[in-house]
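Under our numbering, the sequence shown has 433 at position 159, and the numbering climbs by one with no breaks.
Just below is one structure, and these are the notes that go with it.
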Amino acid sequence: MTAGWMYDQWQRPMRDLRISVTDRCNFRCTYCMPKEIFGDDYAFLPKHKLLTFEEITRVARLCASMGVKKIRLTGGEPLLRPHLDELVRMLLQIEGIEDIGLTTNGLLLRSQGEALYEAGLRRINVSLDALDPDRFAKLNGRGITPDVILSNIEWAQSLGFKIKVNMVVQKHVNEDDILPMAAHLKEKGITLCFIEFMDVGNDNGWSMEKVITKRELYEMLNTVYELEPVDADYFGEVSKRYRYKGSHTEVGFISSVSETFCSSCTRARLSCDGSLYTCLFASEGHDLKEMLRGDAGDQELLEAIRAIWEKRTDRYSDERSLLTQSRKKINMSYIGG
Ligand SMILES: C[S@@+](CC[C@H](N)C(=O)[O-])C[C@H]1O[C@@H](n2cnc3c(N)ncnc32)[C@H](O)[C@@H]1O
Ligand code: SF4
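Structure representation (structure tokens):
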């Protein structure tokens, strides 16, 4: 079924759908789910409020009929959701979906990796913020050391997965890990993507002083390596990519704070309980679950999604400097990073 592309108020099509499959996580990263807030008594969503795989697939299918081509499974920690391979299988059957990726902290890769590969998943982004054991243990809030994640990455590569590593960088926190991470992953031939620390959610103590910008990162790397730019693979690619000269290994930068990319943002986000968000920094989502669990037919649901997208005006990052102090935002673990 194709229902025709839809465009928002700034003529941006919807091309990517990021799906949060759970709001729970086995880490407590200081910049995402700090343990002071997400403590033992934190009220995560009860199971019946999470979208089922059938409900997720239905939304994805309708979005694909209106132009979505890429899907990313995320969370929370997506590998906490049992039988994720079933969802991958269902999503890969949707006409028009060209690519499915998974973003994970990598701790549980061995529990679902084989099944996911068999289901057809090929690309995994693993988040790893430091090589220094103490620093990483502190950053993830659970005392996990980087060797565990690195060994899981190697294991996943041996299965055939294409792995990229994401690193969120913060001033005075993991600055000293930037060059060691670049050296280590370059040697392994793994793409490293630096992510500027973002003001998502309300709990991570973000301030501009803690952001290490893409320019600063680039300059730091450039003191050691010669980098050459790589062309974007597709419209709306958020990572600015470079190649270490003389090798095939790439390094990327997601500069959503210092060099915003709202004008080419083609992403929608489906929260784990069925709200559609048109921006990572949105204050509110649009509930689809009631329709999904009511008697709405596909056409009605499709029109609802289209109406949400066609009204979209978000360009939060572009406007950040004016708004950041005053706006309530949604936590990334819920909406999907
Ligand atoms: C919310 S996580 C969900 C998936 C999985 N749990 C993981 O950590 O990869 C998705 C991505 O968002 C990044 N992230 C979370 N909070 C962030 C923040 N405040 N600024 C920048 N990136 C952030 C994480 O590092 C991770 O790469
Ligand atoms: S970044 Fe990922 S691993 Fe870390 S707390 Fe957030 S959801 Fe969990």
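Glycine included, C-beta positions come from ideal geometry on N, C-alpha and C.
A quick note: this is a predicted structure, and the numbers were derived from the prediction, not measured.
- In terms of Cα proximity to Leu550, the closest of Leu413, Leu325, Pro356 is Leu325.
- For Phe555, the shortest separation between its Cβ and any heavy atom of ligand 1 does not lie below 7 Å.
- If you compare the alpha carbons of Lys438, Ile371, Arg543 with that of Thr523, the shortest gap goes to Lys438.
- A Cβ closer than 7 Å to some heavy atom of ligand 2 marks a residue here, and those residues are Cys299, Phe301, Arg302, Cys303, Cys306, Met307, Gly349, Gly350, Glu351, Asn379, Ser401, Asn414, Met606, Ser607, Gly611.
- For Lys563, the enclosing alpha helix (DSSP H) has its first and last residue at 563 to 567.
- Along the length of the segment 365 to 448, whole beta strand (DSSP E) runs at least 3 residues long occupy 373 to 378, 397 to 401, 436 to 443, reported in chain order.
- At least one heavy atom of ligand 1 is found less than 7 Å from the C-beta of Met472.
- Arg409 is positioned such that its CB atom lies no closer than 8 Å to that of Arg346.
- The C-beta of Trp583 has 16 or more other C-beta atoms within 10 Å across all chains shown, which makes the residue buried.
- In the structure shown, Pro320 falls within a coil segment according to DSSP collapsed to helix, strand and coil.
- Residue environment: Asp282 is assigned as buried (16 or more neighbouring CB atoms within 10 Å of its CB, all protein chains considered).
- Around Pro503, the same chain offers Tyr516 as residues with beta carbons nearer than 7 Å, after the five sequence neighbours per side are excluded.
- In the same chain as Arg302, and ignoring 5 residues on each side of it, the C-beta atoms closer than 8 Å to its own belong to Pro308, Lys309, Phe312, Asn414, Gly415, Arg416, in chain order.
- A heavy atom of ligand 1 is found nearer than 7 Å to the CB of Asn478.
- Taking C-beta atoms under 8 Å as the contact rule, Asp572 and Leu366 fail to qualify, at a distance of about 20 Å.
- The residue among Gly380, His458, Ile418 with its C-alpha nearest the C-alpha of Thr348 is Gly380.
- Ile374 has its CB no nearer than 7 Å to any heavy atom of ligand 1.
- Counting other Cβ atoms within 10 Å of its Cβ, Gly559 reaches 16 or more and is therefore classed as buried.
- Listed in chain order, the beta strand (DSSP E) runs fully inside the segment 499 to 540 are 501 to 503, 514 to 518, 524 to 528, counting runs of at least 3 residues.
- Apart from sequence neighbours up to five positions away, the residues of its chain that approach Leu395 with a beta-carbon distance below 7 Å are Val362, Ile374, Leu376, ordered along the chain.
- Residue environment for Trp284: exposed (fewer than 16 other C-beta atoms within 10 angstroms of its C-beta).
- Nearest to Asp477 by alpha-carbon distance, out of Leu495, Val447, Thr304, is Thr304.
- With fewer than 16 other Cβ atoms from the protein chains shown falling within 10 Å of its own Cβ, Gly568 counts as exposed.
- Membership of Tyr492 in the alpha helix (DSSP H) is indicated by the continuous run 488 to 496.
- Under DSSP, no beta-bridge partner is assigned to Thr331.
- For Thr377, the Cβ falls inside the 7 Å cut-off from some heavy atom of ligand 1.
- Cys536 and Pro407 have their C-alpha atoms roughly 36 Å apart.
- Under the three-state reduction of DSSP, Val342 is assigned to coil, being neither helix nor strand.
- His560 has Leu550 as its beta-bridge partners, per DSSP.
- When C-beta atoms of the segment 478 to 495 are compared with those of the segment 536 to 545, fewer than three pairs fall below 8 Å, so the two segments do not count as touching.
- The C-beta distance from Glu351 to Thr419 rounds to 17 Å, too long to meet the 8 Å contact threshold.
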